[in-house]
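First to last, the protein sequences are chains A and B.
Its first residue numbered 1, the first sequence is counted upward by one per residue in full-length UniProt numbering.
Its first residue numbered 1, the second sequence is counted upward by one per residue in full-length UniProt numbering.
Here a beta-carbon is modelled for each residue, glycine too, at the ideal position from N, C-alpha and C.
Shown next, in structure tokens, is the structure this report addresses.
Number of protein chains: 2
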Amino acid sequence: MRPFLRTLSILWLVLWLPLAQANSPEIRHWQLDNGARVYFVQTETLPIVDLRVTFDAGAARDGEQAGLARLTNSLLSQGAAGLNADELALAFESVGARYSSGSERDMAWLQLRSLTRPEALTAATDTLAMILAAPEFPEADLERQRRQMLVALQAERQSPPTIAERALYEALYGDHPYASAPQGTEDSVRALSREAVVEFHEQYYTAGNAVLAIVGDLSANEARELSERLLADLPAGDRAPQLPEPEPPEPQTVHIPYPSAQTHVLIGQLGIARGDEDYFPLYVGNHILGGSGLVSMLVHEMRERRGLSYSSYSYFVPSAERGPFILGTQVRADRTGEALEVLENLFVEFRAEGPSADRLQAAQENITGSFPLNIDSNRKIVGYVSMIGFYGLPLDHLDTFIGQVEAVTQAAIVSSFQNRLDPEHRVRILVGPEGILADEDE
Amino acid sequence: MRPFLRTLSILWLVLWLPLAQANSPEIRHWQLDNGARVYFVQTETLPIVDLRVTFDAGAARDGEQAGLARLTNSLLSQGAAGLNADELALAFESVGARYSSGSERDMAWLQLRSLTRPEALTAATDTLAMILAAPEFPEADLERQRRQMLVALQAERQSPPTIAERALYEALYGDHPYASAPQGTEDSVRALSREAVVEFHEQYYTAGNAVLAIVGDLSANEARELSERLLADLPAGDRAPQLPEPEPPEPQTVHIPYPSAQTHVLIGQLGIARGDEDYFPLYVGNHILGGSGLVSMLVHEMRERRGLSYSSYSYFVPSAERGPFILGTQVRADRTGEALEVLENLFVEFRAEGPSADRLQAAQENITGSFPLNIDSNRKIVGYVSMIGFYGLPLDHLDTFIGQVEAVTQAAIVSSFQNRLDPEHRVRILVGPEGILADEDE
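Pasting the structure below:
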């Protein structure tokens, strides 16, 4: 059979495969000599490999230089090992590979999708290895990137949701590293130097601080060789030190004037760290309270019953240290006070009593029934595997997910909401026109 | 085994399945009594169904009322069978289904992703059936949608690429229906009436004018039942009449003044209809000329050799009738004339001589090697299957794709470019500062 016909047949084949006997899911894990942790899931449905290298090098490591983690991450592919940005892009494109990168509070990452054909995979891996270990941070690209960050910060001033989120983290975290925004401030971005970028890269982009997730059509041996080839040139380095524990904030209301007809409301408190033993009851409880979009209790109360707001929601941001738990809504400005009262009362009531048996069962069915959508592509799986590796979650996290959701009881939701959340220590952020609350002081 | 464990096992199973003996790919096709054409691909990797209903109801059917097809399509989910927009959204969301819709020049479509669990699939299908057959086009939603279209048209005036594209279609197609933009004009959008929307829906959203593509984990019987359930309430109606053949345009240069440092350049001529027998040599030839992003001859000449432009490209838009073939670039305004000359000379030379043997081989390997990326999700497959059904392409189009690409010769590229393209009948669109060409008249 001609090779291209064989490729095609294999491809179609897997789309038509009858289900055979069951295997167990498996995340294989190993550590390289230089300290890098590797997590591998073998999939055989397509001749494609997705991989992500994650470093504990997010904005929480910015220190006084807000925006440094993001600038460093965005410059990696602008020049490395003697190749400029165009040549690096061409090296990926000519073998059909796709590269991207990003950074948030906890982590910074580089991601690659490549075909498994050996010549494509080798070329793409070698290019990524150069970007990882030998970035050059050219001055001209740094200035361009700085200008882009400043333009983005200007745009942010026109966006009430972004203004509110920044203010929420500041109010909730005070002196803790989570307080400052990954995108920095205009002053901090102007002050970032190439020297700081080089130092940040040397300190945090090391093997000891790295987690590599690989998902794709490779044997375990091939994945091991790939991991060594990709990360061999990284210096060993150290794992970043643990972040301090955040302190619960003083209760406060921050009102940021904005000329809009609606008020953007966020109410935040400290939530949970990744790996918290109460994760599942909190996850299911939040789904019922405000996590499930149009069918949550918050939407029912705020929109259906009172016509206060089209959009109301709640969510946890589980992080290396306690991330926020947030209740939010947008509401017609003259009804801001009423909306705050309804949101906060509903939360207090839910925390005291939990959901009804009907709502709990519906939520469990909704979550477990739609779980397939969460892992319906290699790209989504590589995201989960990275998260499991980065936060040190059990390797069977995905395997046990549905069972853990099914096991949640009404009593567990009540006790977890009472143990982990404390509405006395909440901050409220209001972005909207002035004079929306009769009494804005506390 | 408990049901949720079984679901999970099946899911993981398919990710780990070893390759078994080959099956042939298969698109099954049938026609319903009311005339609707159905195309079905059975996939068993995930408990998910993706489906798309396509109507010959795109902007080419707008007549004098530019924007009518888009307005009609966007209003479908705003109210149907007594349910309002929120209730319809909730009906999808409560069973984990995702709905979207859209329209372009040739077609308008509705798309649904649902879990295969019978209660979820039935509920999602019934909701979509209501949206298809019993939309209500509420006046208030029509006005809101009209305002959104007007805002989008204002934004368009700030976007040189969109300005250029609109001007290209106008210059290239003259009186032909393809001349007018799917988004309409400010005047035409202001004039659209609810009555016109209702008439458009009655005429074009019929079974005889519909193609349904289904991709997912269903048996052929289940897919057949789904197709009947979904489309049973559509009136039979007629298939839309064939569009007229477009005439080649008079050569012309249109310069639209815009205060930018760069000129946005498009050079357009009539290309091919879907199903053209020269499709594959044109596709491979264009990949080499300007279709492959950073590795094309256009980029090599314009960027690497002359430093004229970062971005240069060419593409076909195969359509029901001859769609455009477009060469494009962005260039520093003071080098616009030089860029035009280089682009046009390169095209004329390529049309006369075709690619080198090396470039041809590299392109064939690049296209066939990265073909898996084109069909790596059900969503992409449903797009291809819709296209095959809508344009009446051979059912084995995907199956033979790689073989057809491999079979393209240098001689076939030259003769297809000479047969199908005629640089004498081209239009040039320049969007950029005034005075960029020494002589703008022809």
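Quick one: residues in its chain with C-beta nearer than 7 Å to the C-beta of residue i, no 5 flanking neighbours on either side, listed in chain order?
i             : result
N84 (chain B) : none
L88 (chain A) : S77, A80, T127, I131
R28 (chain B) : F40, A220
By the 10 Å Cβ neighbour count, where 16 or more other Cβ atoms means buried, how is residue i classified, buried or exposed?
i              : result
G285 (chain B) : buried
G290 (chain A) : buried
N345 (chain A) : exposed
P324 (chain B) : buried
A124 (chain A) : buried
D376 (chain B) : buried
L19 (chain B)  : Reliability of the predicted coordinates at L19 (chain B) is poor, the pLDDT of 28 falling under 50, and the value obtained from them is presented with this limitation in mind. Flag for L19 (chain B) reads exposed.
G354 (chain B) : buried
G184 (chain A) : buried
V348 (chain A) : exposed
R52 (chain A)  : buried
D334 (chain B) : exposed
S193 (chain A) : exposed
G307 (chain A) : exposed
E301 (chain A) : buried
Residue i by DSSP, collapsed to three states: which one?
i                     : result
R117 (chain A)        : coil
P246 (chain B)        : coil
H176 (chain B)        : coil
V265 (chain B)        : strand
residue 463 (chain B) : Residue 463 (chain B) lies beyond the residue range present for chain B, which begins at 1 and ends at 442; the question has no answer from this structure.
D86 (chain A)         : helix
V211 (chain A)        : strand
I436 (chain B)        : coil
residue 471 (chain B) : Chain B is shown only over 1 to 442; residue 471 (chain B) falls outside these bounds and no answer can be derived.
F325 (chain A)        : strand
Q330 (chain A)        : strand
I27 (chain B)         : coil
T409 (chain B)        : coil
Identify, in the order they occur along the chain, each residue of the same chain with its Cβ nearer than 8 Å to the Cβ of residue i, setting aside the five sequence neighbours on each side.
i              : result
S292 (chain A) : A363, N366
Which value, in whole angstroms, describes the spacing of the CA atoms of residue i and residue j?
i              : j              : result
P394 (chain B) : E321 (chain B) : 18 Å
V427 (chain A) : A191 (chain A) : 30 Å
F280 (chain A) : G392 (chain A) : 17 Å
T368 (chain B) : A273 (chain B) : 23 Å
S188 (chain A) : M149 (chain A) : 11 Å
A59 (chain A)  : L327 (chain A) : 23 Å
F371 (chain B) : E250 (chain B) : 38 Å
L234 (chain B) : R379 (chain B) : 25 Å
A357 (chain A) : I288 (chain A) : 11 Å
R332 (chain B) : E406 (chain B) : 38 Å
A398 (chain A) : V382 (chain A) : The sequence as given places Leu at residue 398 (chain A); Ala does not occur at that position. Cα-Cα distance, rounded: 12 Å.
Q78 (chain B)  : Q203 (chain B) : 20 Å
A339 (chain B) : T329 (chain B) : 8 Å
T127 (chain A) : A152 (chain A) : 29 Å
P177 (chain A) : E64 (chain A)  : 9 Å
R420 (chain B) : R105 (chain B) : 21 Å
R6 (chain A)   : D56 (chain A)  : Any answer about R6 (chain A) is weak, because its pLDDT of 38 lies below 50 and its placement is not dependable; what the coordinates show is given next. The alpha-carbon atoms of R6 (chain A) and D56 (chain A) are separated by roughly 42 Å.
V38 (chain B)  : V215 (chain B) : 11 Å
E186 (chain A) : A140 (chain A) : 19 Å
E199 (chain A) : A133 (chain A) : 13 Å
For residue i, which residues from the same chain have a beta carbon less than 6 Å from its beta carbon, with the 5 sequence-adjacent residues on both sides left out?
i              : result
T54 (chain B)  : M107, W109, V211, S386, F390
P135 (chain A) : L76, A80
I388 (chain A) : H397
T116 (chain B) : P47, V49, D217
Is residue i close to the ligand ADP? I mean its beta-carbon at under 8 Å from any heavy atom of the ligand.
i             : result
R52 (chain A) : Looking at this structure, you won't find the ligand ADP or any other ligand, since it has none at all.
- [ ] Taking 8 Å as the threshold, find out whether the region 241 to 260 of chain A comes into contact with the region 67 to 76 of chain A through three or more Cβ pairs.
- [x] no
Task: Inter-stretch contact (C-beta, 8 Å, three-pair minimum) for the region 90 to 109 of chain B and the region 215 to 225 of chain B - done: Taking 8 Å as the limit for Cβ pairs, the verdict is that the region 215 to 225 of chain B does not touch the region 90 to 109 of chain B.
Open item on the list: Under 8 Å, with one C-beta from each stretch per pair, do the region 295 to 307 of chain A and the region 225 to 242 of chain A reach the 3-pair mark?
Closed with: Contact between the region 295 to 307 of chain A and the region 225 to 242 of chain A is not established, with fewer than three Cβ pairs separated by less than 8 Å.
TODO: Examine the Cβ distances between the region 268 to 277 of chain A and the region 155 to 174 of chain A and report whether three or more of them are shorter than 8 Å.
DONE: yes
- [ ] Could you tell me whether the region 308 to 316 of chain B touches the region 235 to 244 of chain B, using the rule of 3 or more Cβ pairs below 8 Å?
- [x] The region 308 to 316 of chain B, when compared against the region 235 to 244 of chain B, does not touch it at the 8 Å Cβ threshold.
Task: At least three beta-carbon pairs within less than 8 Å, the region 430 to 438 of chain B to the region 256 to 265 of chain B - done: yes
Task: Three or more C-beta pairs below 8 Å linking the region 407 to 415 of chain B and the region 152 to 162 of chain B - done: no
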